[in-house]
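**Q**
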Amino acid sequence: MHDYLGYLCGALEVEETTRFEETVNSDGEIRRQLEIHRRAFVPLTGDCEDCSPPESLAARVCEMLCKAGKAAKDQAG
Amino acid sequence: MPEVQKTPRTAPASLSNESDEALMLRFRNHDDIGAFESLVHRYERPLYNYLLRYLRNAELAEEAFQGAFSRVHQKRDLYTEGRRFRPWLYSIATNQAIDEIRREGRHEAASLEQRRSRGDAETGTTLLEMLEAETPSPYEQLEASERRDWTRRAVDDLPEHLRTVVLLVYFQGLKYREAAEVLEIPVGTVKSRLNTALGMLNTAWRVKH
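From first to last, the protein sequence lines are chains A and B. The first sequence begins at 1 in the numbering used here and counts up one residue at a time. The second sequence begins at 78 in the numbering used here and counts up one residue at a time.
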């Protein structure tokens with residue numbers, strides 16, 4: 001049983017992906033089935049774009065946690 | 078006196094090729110704050126978007142992002158060598174998101190107003206703004222916007238255990254094995270949940286179209 005859905009959304013391990021691709025390349029029926037399974041994701045494709053995180057989110061989090069870490073060290077030392 | 082411009086902290090470039098696990102170990106073993114910062118920057122966009130989709134609220138997503146990395150910072154000693162970082166982080170972030178929901182008590186009451194505050198400009202795009210845009214056409218933008226809203230509603234309407242699998246595997250690109258680690262369920266259960274979720278989404282899609 002081939003895991004078409006797992007392959008299409010990149011959920012397979014590297015070696016599983018390689019094995020699956022070898023099968024796809026050598027079997028026309030598997031290729032046809034793959035295209036049919038691809039349609040299963042159509043309802044999700046409307047929301048494919050990621051949003052931009054708030055400005056400097058990572059930088060702010062780093063700064064806050066570094067300060068908290070230093071304060072904890074000072075208190076302990 | 079002119080205002081001093083603060084340079085935003087960014088992750089050191091020298092660490093950009095290191096694996097997540099190597100960075101986490103550097104942070105855990107040597108208190109290498111640069112390694113920690115690299116992880117925060119590396120996951121800024123994907124983790125924020127996961128939390129945004131999970132919580133449907135930009136403010137809560139930001140709080141959960143901060144909370145998740147705060148836990149990583151505090152609990153660094155619990156990170157064990159050989160453990161994959163990404164599922165560990167997403168597991169912490171998912172628990173953080175659940176805590177945010179409990180704290181706010183907003184999960185079931187996600188209102189239209191909250192959906193608007195997801196942080197993406199297009200949700201709040203006015204028809205006038207669409208008309209003023211050069212490409213794509215206003216009709217195409219409207220269609221894309223309607224389609225996006227439909228997808229979001231349809232995913233939000235899935236039962237929680239199915240929705241989380243869709244968010245982790247489809248939207249975040251986690252491997253089955255990683256999603257199984259995050260949710261502490263067997264890989265087979267992740268696969269069957271994804272299958273069920275896609276079945277439900279396609280049924281809804283056919284009804285709509």
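By construction, the Cβ of each residue, glycine as well, lies at the ideal position given by its N, Cα and C atoms. The structure presented is a predicted model; accordingly, all values stated were derived computationally and were not measured.
(1) In angstroms with no decimal places, state the Cα-to-Cα distance between LEU271 (chain B) and ASN106 (chain B).
(2) Would DSSP call ASN25 (chain A) helix, strand or coil?
(3) Determine which residues of the stretch 5-34 of chain A have a Cβ less than 8 Å from any Cβ of chain B, and write them out in chain order.
(4) In chain order, what residues of the same chain lie with their CB nearer than 6 Å to the CB of SER168 (chain B), ignoring the 5 residues before and after it?
(5) Tell me the residue span of the alpha helix (DSSP H) that contains PRO123 (chain B).
(6) Helix, strand or coil: how does DSSP classify LYS67 (chain A) here?
(7) Whose Cβ in chain A lies nearer than 7 Å to the Cβ of ARG122 (chain B)?
(8) Go ahead and pull the three-state DSSP assignment for ALA11 (chain A).
(9) Which residue's Cα is closest to the Cα of ARG240 (chain B): B:THR273, B:LEU100 and B:ARG160?
(10) Tell me the residue span of the alpha helix (DSSP H) that contains GLU98 (chain B).
(11) Return no unless some Cβ of chain A is closer than 7 Å to the Cβ of TYR125 (chain B).
(12) Quick check: what's the CA-CA separation for ALA170 (chain B) versus TYR253 (chain B)?
(13) Along chain B, which residues have their Cβ under 7 Å away from the Cβ of ALA58 (chain A)?
(14) How about LEU92 (chain B): is its C-beta nearer than 7 Å to some C-beta of chain A?
(15) Using a Cβ-Cβ cut-off of 7 Å, state whether ARG133 (chain B) counts as contacting chain A.
**A** Result, derived from the coordinates:
(1) 38 Å
(2) helix
(3) LEU5, GLY6, CYS9, GLY10, ALA11, LEU12 and GLU13
(4) VAL259
(5) 121-132
(6) helix
(7) ASP50 and PRO53
(8) coil
(9) B:THR273
(10) 97-107
(11) yes
(12) 18 Å
(13) VAL117, HIS118 and GLU121
(14) no
(15) no
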